[in-house]
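Enquirer: Below is one structure. I have some questions about it.
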Amino acid sequence: MSYSSVFVKLLTLQCLVILCVSQSFDFFYFVQQWPGSICDTKRSCCYPKAGKPAANFSIHGLWPNYNNRSWPSFCNRESLFDHSKLSDLSRMQTTWPSLICPSGNNSKFWKHEWDKHGTCSEFVLDQHQYFEETLNIKDRVDLLQILQNEGIQPDGRNYSIGSIEEALRRGIGFAPGIKCNKDASGNGQLHEIYLCVEKTGSKLIECPVLPRRNCAQHVEFPAF
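Shown next as structure tokens:
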């Protein structure tokens, strides 16, 4: 075997090792967002061309993460997003809408989620599986109903962050991570809820680490 052949093989092996390392991760964050908190900001929002989404938590994404709070991203720029592979997942339009301006058909949002996060889980989930498993988790976890069962409503009132966390922990069986943003007047409001999922994307788990909370003791749950 020539020196050049050995060099090429070693280089190929090195590239494969680098790719695997870049795509390894410890768990997923499954993130849902409250549309009223996206729209009730100085930045405001735009509804997708399909119309105003339902007044319910919607999917932000399924994000590979490490146990040290860091995460991989954009792991394979050669793995192009293909909308046609999702033709049987029509419920994405209602459960995974984009509220970013200008309005669109949601595809740009999904492409971003695949490019940045999905490609880092590609060695366990292909593109269709990545989106389907995310939708399946959403189907099993009705955050709004869980909160409403505990008297926490999207009615513009303030609720203690502790009561929100405890209601979700009781309803789901696992402690959630919570992120807040600010409304147009600068008041804190419930924005995103993080749950953790094991690496195959199918089972909720207790979070190895929770995202750092950026919420005050009491936050608004705005109407939508």
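Numbered by mature numbering (1 follows the signal peptide of the UniProt record, and there is no 0), the letters in the sequence shown go through residues -22 to -1, 1 to 202 in order. Here a beta-carbon is modelled for each residue, glycine too, at the ideal position from N, C-alpha and C. The structure presented is a predicted model; accordingly, all values stated were derived computationally and were not measured.
Quick one: what's got a C-beta closer than 6 Å to Ala79's C-beta in the same chain, skipping five residues either side?
Expert: A small correction: the amino acid at residue 79 is Cys; Ala does not occupy that position in the sequence shown. Here the set comprises Cys24.
Enquirer: Could you check if Thr97 is buried or exposed, using at least 16 other CB atoms within 10 Å of its CB as the buried criterion?
Expert: Buried.
Enquirer: Which of the three DSSP states is assigned to Ser36 in this structure?
Expert: DSSP places Ser36 in strand when its eight states are reduced to three.
Enquirer: Which full runs of the beta strand (DSSP E) of 3+ residues lie inside the stretch 154 to 198, going along the chain?
Expert: Those beta strand (DSSP E) runs which fall completely within the stretch 154 to 198 and span 3+ residues are 155 to 160, 166 to 175, 196 to 198.
Enquirer: By the three-class DSSP mapping on this structure, what secondary structure does residue 226 have?
Expert: Residue 226 falls outside the range modelled here, since the chain spans only -22 to 202, and no answer is possible.
Enquirer: For a quick check, are the C-beta atoms of Trp92 and Gln105 less than 8 Å apart?
Expert: Taking 8 Å as the Cβ cut-off, Trp92 and Gln105 qualify as a contacting pair.
Enquirer: Near Glu110, what residues of its chain come up, given a Cβ to Cβ distance below 7 Å and the 5 sequence neighbours on each side ignored?
Expert: Contacts found: Leu67.
Enquirer: Alpha carbons only, please: which of Tyr44, Asn159, Glu184, Met70 is nearest the one belonging to His95?
Expert: Ranking Tyr44, Asn159, Glu184, Met70 by Cα distance to His95 puts Tyr44 first.
Enquirer: Of all the options Gln195, His169, His196, Asn192, which has the alpha carbon lying nearest to the alpha carbon of Ser36?
Expert: It is His169 whose Cα lies nearest to the Cα of Ser36.
Enquirer: Between which residues of its own chain and Phe3 is the CB-CB distance below 8 Å, once the five residues before and five after are set aside?
Expert: Excluding residues within five positions, the ones whose Cβ falls inside 8 Å are Pro42, Asn43, Tyr44, Trp49, Pro50, Cys98, Ser99, Lys177.
Enquirer: Could you tell me the alpha carbon to alpha carbon distance between Trp88 and Gln195, rounded to whole angstroms?
Expert: Spanning the two alpha carbons is a distance of roughly 33 Å.
Enquirer: The beta strand (DSSP E) spanning Gln11 covers which residue range?
Expert: Taken as a continuous stretch (DSSP letters only), the beta strand (DSSP E) holding Gln11 covers 5 to 11.
Enquirer: Taking only three categories from DSSP, how would you classify Asn54?
Expert: Residue state, collapsed to three classes: coil.
Enquirer: In angstroms, rounded to a whole number, what distance separates the CA positions of Gly179 and Phe5?
Expert: The alpha-carbon atoms of Gly179 and Phe5 are separated by roughly 8 Å.
Enquirer: Please name the residue in His61, Gly134, Leu103, Val102 whose C-alpha comes closest to that of Asn83.
Expert: Here the closest residue by C-alpha is His61.
Enquirer: Whose C-beta lies closer than 6 Å to the C-beta of Leu(-12) among residues of the same chain, with five residues either side of it excluded?
Expert: The predicted model places Leu(-12) with a pLDDT of 40, which falls under 50 and marks its position as unreliable; any figure quoted below should be read in that light. So no residue of the chain qualifies.
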